[in-house]
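Novice: Sharing a structure with you now.
Protein chains: 2
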Amino acid sequence: MPNSASSTAFPLVPRKGDLTRAAIVEAALLAASRGGLEGLTIGTLADSMQMSKSGVFAHFGSREELQLAVLKAYVQRFVDEVLRPAVKKPRGLPRLEAILQRWVAFLAREMTRGCIMIAGAVEYDDVPGPQRDEMVTIIAGWKRELIKAIRQAVSEGHLKPRVDAHQLVFEIYGLMLAMHQDARLLRSADSAKRARTGLSRLIDGARA
Amino acid sequence: MPNSASSTAFPLVPRKGDLTRAAIVEAALLAASRGGLEGLTIGTLADSMQMSKSGVFAHFGSREELQLAVLKAYVQRFVDEVLRPAVKKPRGLPRLEAILQRWVAFLAREMTRGCIMIAGAVEYDDVPGPQRDEMVTIIAGWKRELIKAIRQAVSEGHLKPRVDAHQLVFEIYGLMLAMHQDARLLRSADSAKRARTGLSRLIDGARA
Chain Y
619 MPNSASSTAF
629 PLVPRKGDLT
639 RAAIVEAALL
649 AASRGGLEGL
659 TIGTLADSMQ
669 MSKSGVFAHF
679 GSREELQLAV
689 LKAYVQRFVD
699 EVLRPAVKKP
709 RGLPRLEAIL
719 QRWVAFLARE
729 MTRGCIMIAG
739 AVEYDDVPGP
749 QRDEMVTIIA
759 GWKRELIKAI
769 RQAVSEGHLK
779 PRVDAHQLVF
789 EIYGLMLAMH
799 QDARLLRSAD
809 SAKRARTGLS
819 RLIDGARA
Chain C
619 MPNSASSTAF
629 PLVPRKGDLT
639 RAAIVEAALL
649 AASRGGLEGL
659 TIGTLADSMQ
669 MSKSGVFAHF
679 GSREELQLAV
689 LKAYVQRFVD
699 EVLRPAVKKP
709 RGLPRLEAIL
719 QRWVAFLARE
729 MTRGCIMIAG
739 AVEYDDVPGP
749 QRDEMVTIIA
759 GWKRELIKAI
769 RQAVSEGHLK
779 PRVDAHQLVF
789 EIYGLMLAMH
799 QDARLLRSAD
809 SAKRARTGLS
819 RLIDGARA
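First to last, the sequence lines map onto chains Y and C. The first sequence runs 619 to 826 under this note's numbering. The second sequence runs 619 to 826 under this note's numbering.
Below you can see the structure in the form of structure tokens.
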């Protein structure tokens, strides 16, 4: 019954249309990491995929819809590569440290192109709309995950009870942003190493 | 001899042309802090100043020349408000702390619009050219000033001899970038306070 499977919410065999849609999102993610989410146009994307503009429009009714799909795909990848493997570690410091190490590694892999979230935060900070709302939702959600991991490390007795989780997340974010700017603008070779050094110092200062 | 003064390198009385040029740069600085340096166009700038495009072109031969003038004006303002008053403090920790406090205050004042250097770092990180070169020169120069202030604080015996000045500057920059993202994208009300808390912790950790 291969056809009935594809009509459920969890198709066992993806439909051809879904594969095309996924390929468009993949190409758009690559283009956005180079030229920013605002640099995405359905025209240049169609060209790069050797599709017609109407072919792309058949999957995404607007540029905005495509940009939101790119953000969702990015988050999916981030969760798969950073959060999901880290939560297999024991609760507390082992899990928190796994999250931070994987985050730095994820960001380091993006450095030849650029991070669409860090670039997008600047692109959209002053532009109200669904793209900005989505970015705020993503960053706020990720900060909540980090705060949860920090609080678990406190309740496991690995970090000091008085640790200010919000402040710690603010400073962790700062190290990631500094790593991005140093690697991307200044072409520093040691930015990931400096971020890791800063993270170790932060965690050591919070250790019980 | 009012006319001879205006022909020297340090005119006592600015020429009318210089005043117009300064007014254009001022308007361009404001426009760039709202829409980014790449968002600057001579056309919209001329409109906002009720000048003709050719009137603006008489002062700036190209958009690139205007963008570079905006960056130079920004640095001038930063030096006047952050560095120049801070170097009046005694060498060492008093001077370093004055620099950091004034930097946070400068950034906090920019938060309703946005910082053209932080936004520009993302706009130009992948775009070779004179604008990118100028931004790298500015940031590298500012990092050198910070490193100098840290090393003076070490030689005055205020900070530990083993302080890694480059690492400290990397982390200081991270706090400024986190403050900008939190205030601009997430609209956090406490981002300047969090940056100050992080800076105090950094300095306390390096204290002799």
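The beta carbon of each residue, even a glycine, is placed where N, CA and C say it ideally should be.
For valine 722 of chain C and alanine 813 of chain C, which I take to be in contact (beta-carbon distance under 8 Å), what is that distance rounded to the nearest angstrom?
Specialist: Valine 722 of chain C to alanine 813 of chain C, Cβ: 5 Å. Contact.
Novice: From the DSSP output, in three-state form, read off arginine 825 of chain C for me.
Specialist: The answer is strand: DSSP assigns arginine 825 of chain C an E or B state.
Novice: Anything in the stretch 681 to 706 of chain Y with a Cβ closer than 8 Å to a Cβ of chain C? List those residues in chain order, please.
Specialist: So nothing in the stretch comes that close.
Novice: Considering only their Cβ atoms, is the gap separating glycine 792 of chain Y from leucine 793 of chain C smaller than 9 Å?
Specialist: Yes, the pair counts as a contact, with Cβ atoms nearer than the cut-off.
Novice: So glycine 732 of chain Y contacts chain C; which residues on that side make the cut at Cβ distance below 7 Å?
Specialist: Result: Asp743 and Asp744.
Novice: Please list the segments of the alpha helix (DSSP H) lying wholly inside the stretch 713 to 776 of chain Y, counting only runs of 4 or more residues, in order along the chain.
Specialist: Runs found: 734 to 742 and 748 to 773.
Novice: Quick check on alanine 704 of chain C: buried or exposed, where buried means 16 or more other Cβ atoms within 10 Å of its Cβ?
Specialist: By the 10 Å Cβ count, alanine 704 of chain C comes out buried.
Novice: Between the Cα of arginine 750 of chain Y and those of C:Arg805, C:Ala664, C:Arg639 and C:Leu647, spot the shortest distance and give me the residue it belongs to.
Specialist: Ranking C:Arg805, C:Ala664, C:Arg639 and C:Leu647 by Cα distance to arginine 750 of chain Y puts C:Arg805 first.
Novice: Compare the C-beta of phenylalanine 788 of chain Y with all C-beta atoms of chain C and state if any pair is closer than 9 Å.
Specialist: At least one chain C Cβ lies under 9 Å of phenylalanine 788 of chain Y.
Novice: Counting Cβ pairs, one atom from each stretch, are 3 or more of them under 8 Å apart for the stretch 686 to 705 of chain C and the stretch 714 to 732 of chain C?
Specialist: Touching, yes, given that three or more Cβ pairs across the two stretches are closer than 8 Å.
Novice: What separation, rounded to the nearest whole angstrom, lies between the Cα atoms of histidine 798 of chain C and valine 740 of chain C?
Specialist: Taking the straight line joining both Cα atoms gives about 13 Å.
Novice: With a threshold of 16 other CB atoms inside 10 Å of the CB of arginine 713 of chain C, please say whether the residue is buried or exposed.
Specialist: When all chains shown are included, arginine 713 of chain C counts as buried.
Novice: May I ask you to list, following chain order, the residues of the stretch 783 to 807 of chain C that have a beta carbon less than 7 Å from some beta carbon of chain Y?
Specialist: For the stretch 783 to 807 of chain C, which is checked against every Cβ of chain Y, the residues closer than 7 Å are Gln785, Phe788, Glu789, Tyr791, Gly792, Leu793, Leu795, Ala796, Gln799, Asp800, Arg802, Leu803 and Leu804.
Novice: Going residue by residue through the stretch 779 to 805 of chain C, where are the continuous alpha helix (DSSP H) segments of at least 4 residues, counting only ones entirely within it?
Specialist: You should have 783 to 802.
Novice: For chain C, is any of its Cβ atoms less than 9 Å away from the one on arginine 750 of chain Y?
Specialist: Output row for arginine 750 of chain Y: interface = yes.
Novice: Mind the definition here: the stretch 679 to 696 of chain Y touches the stretch 634 to 648 of chain Y only if three or more C-beta pairs lie below 8 Å; say whether that holds.
Specialist: Result yes; three or more Cβ-Cβ pairs closer than 8 Å.
Novice: Please tell me whether glycine 673 of chain C and alanine 664 of chain C are closer than 9 Å, where the distance is taken between their beta carbons.
Specialist: Closer than 9 Å, so yes.
Novice: Given a limit of 9 Å on CB to CB distance, which residues of the stretch 652 to 685 of chain Y reach chain C?
Specialist: Answer in chain order: Arg652, Gly653 and Gly654.
Novice: Would DSSP call threonine 815 of chain C helix, strand or coil?
Specialist: If DSSP states are grouped into helix, strand and coil, threonine 815 of chain C belongs with the helices.
Novice: State the CB to CB distance for the pair leucine 820 of chain Y and histidine 776 of chain Y, rounded to an integer number of angstroms; the pair is presumed to be in contact (CB under 8 Å).
Specialist: With a Cβ gap of about 14 Å, leucine 820 of chain Y and histidine 776 of chain Y do not count as contacting.
Novice: How big is the Cα-Cα spacing for arginine 709 of chain C and methionine 735 of chain C?
Specialist: Distance between the alpha carbons of arginine 709 of chain C and methionine 735 of chain C is about 27 Å.
Novice: With 16 other CB atoms within 10 Å as the buried threshold, where does leucine 786 of chain Y fall?
Specialist: Buried, by the Cβ-count rule.
Novice: Can you check whether the C-beta of isoleucine 642 of chain C is within less than 9 Å of a C-beta belonging to chain Y?
Specialist: Not an interface residue.
Novice: For glutamine 770 of chain Y, which residues in the same chain have their Cβ closer than 6 Å to its Cβ, ignoring the five residues on either side in sequence?
Specialist: Cβ within range, chain order: Arg709 and Gly710.
Novice: For the stretch 749 to 778 of chain C, list every residue whose C-beta sits within 8 Å of some C-beta in chain Y, in sequence order.
Specialist: Per Cβ criterion, the list reads Arg750, Met753, Val754, Ile757 and Ala758.
Novice: So, is the C-beta of arginine 812 of chain C closer than 9 Å to a C-beta in chain Y?
Specialist: Interface residue, yes.
Novice: Shorter than 9 Å from the beta carbon of glycine 747 of chain Y to some beta carbon of chain C?
Specialist: No, its Cβ sits nowhere closer than 9 Å to a Cβ of chain C.
Novice: Taking 9 Å as the cut-off, decide whether the C-beta atoms of aspartate 744 of chain Y and arginine 681 of chain C are in contact.
Specialist: Cβ distance not < 9 Å, so aspartate 744 of chain Y and arginine 681 of chain C don't count as in contact.
Novice: Please compile the residues from chain C whose C-beta is within a distance smaller than 8 Å of the C-beta of valine 614 of chain Y.
Specialist: A question about residue 614 of chain Y goes unanswered here, because the residues of chain Y that appear run from 619 up to 826.
Novice: Determine, for valine 722 of chain Y, whether the minimum Cβ-Cβ distance to residues of chain C falls below 9 Å.
Specialist: By this cut-off, valine 722 of chain Y is not an interface position.
Novice: Going by beta carbon distance, what residues of the same chain come within less than 6 Å of methionine 729 of chain C, once the five residues before and after it are set aside?
Specialist: Only Ala801 meet the Cβ criterion.
Novice: Output needed for glutamine 685 of chain C: all residues of its chain with C-beta closer than 7 Å, excluding positions within five of it in sequence on either side, in chain order.
Specialist: Cβ within range, chain order: Leu655, Leu658 and Gln749.
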